[in-house]
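For reference, the structure discussed in these notes is given below.
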Ligand SMILES: [Zn+2]
Ligand SMILES: [Zn+2]
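Numbering (our numbering), first residue to last: 215 to 354.
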């Protein structure tokens with residue numbers, strides 16, 4: 215898969231547009247979330263962002279992630295009990311989680327089908343989770 219590289223300036227402008235003060239923590243956190251398909255949890259994000267900011271604390275990572283979720287620029291995925299993972303991809307999609315290796319894959323979902331059942335109602339949040347065993351793990 216092609217990796218898209220975002221410059222700090224692009225991210226800074228994006229944050230300003232969303233009315234979020236572009237601090238270094240916020241820039242690096244968003245940069246990481248935009249560059250990964252792994253749906254990392256806060257711990258992993260802390261490790262990655264910490265490479266750029268040695269003084270980083272877990273609290274500031276949580277604050278950053280909460281701000282981003284509130285502003286709707288990332289989504290919180292609660293596919294498993296007690297763990298929140300984060301996704302920088304806010305396009306409508308579902309998630310498949312493998313119970314053996316723990317990986318999470320993105321799923322295409324056809325909005326028009328469920329939207330037609332909601333009719334004139336409004337979707338506020340969308341969480342479509344499927345649990346299973348991935349192809350690689352089934353082969354083992
Ligand atoms: Zn698996
Ligand atoms: Zn996703």
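Don't be surprised by glycine CBs; every beta carbon is placed ideally from N, CA and C.
Below 8 Å on the Cβ atoms is my guess for residue i versus residue j; work out the distance and round it to an integer in Å.
i	j	result
residue 252	residue 220	Actually they do not touch by this definition, with Cβ atoms about 17 Å apart.
residue 347	residue 314	6 Å
residue 259	residue 281	Contact doesn't hold; Cβ gap of about 13 Å is too wide.
residue 229	residue 302	No, residue 229 and residue 302 are not in contact; Cβ-Cβ is about 13 Å, not under 8 Å.
residue 299	residue 255	5 Å
Residue i lies in the beta strand (DSSP E); which residues open and close that run?
i	result
residue 344	343–346
Locate the alpha helix (DSSP H) running through residue i, then write down its first and last residues.
i	result
residue 353	349–353
residue 249	238–249
residue 226	222–231
| query | In chain order, what residues place their C-beta within less than 6 Å of a heavy atom belonging to ligand 2? | reply | 253, 301, 303, 307, 309, 320
| Uninterrupted beta strand (DSSP E) stretches inside the segment 253–328 (no shorter than 3 residues) | 289–294, 297–301, 308–312, 318–321
| Any heavy atom of ligand 1 nearer than 7 Å to the CB - residues listed | 312, 314, 315, 317, 347, 348, 350, 351
| task | Count the C-beta pairs between the segment 329–346 and the segment 299–309 that are closer than 8 Å, then say yes if the count reaches three, no if not. | result | Below 8 Å, enough C-beta pairs join the segment 329–346 and the segment 299–309 to call them touching: three or more.
| contact_flag[the segment 272–285, the segment 236–251] where n(CB pairs < 8 Å) is 3 or more | yes
| query | Taking contact to mean at least 3 C-beta pairs separated by less than 8 Å, is the segment 220–238 in contact with the segment 279–296? | reply | Contact holds: three or more Cβ-Cβ distances are below 8 Å.
| field | Three CB pairs or more closer than 8 Å across the segment 266–274 and the segment 309–316 | value | Below 8 Å, too few C-beta pairs join the segment 266–274 and the segment 309–316 to call them touching: fewer than three.
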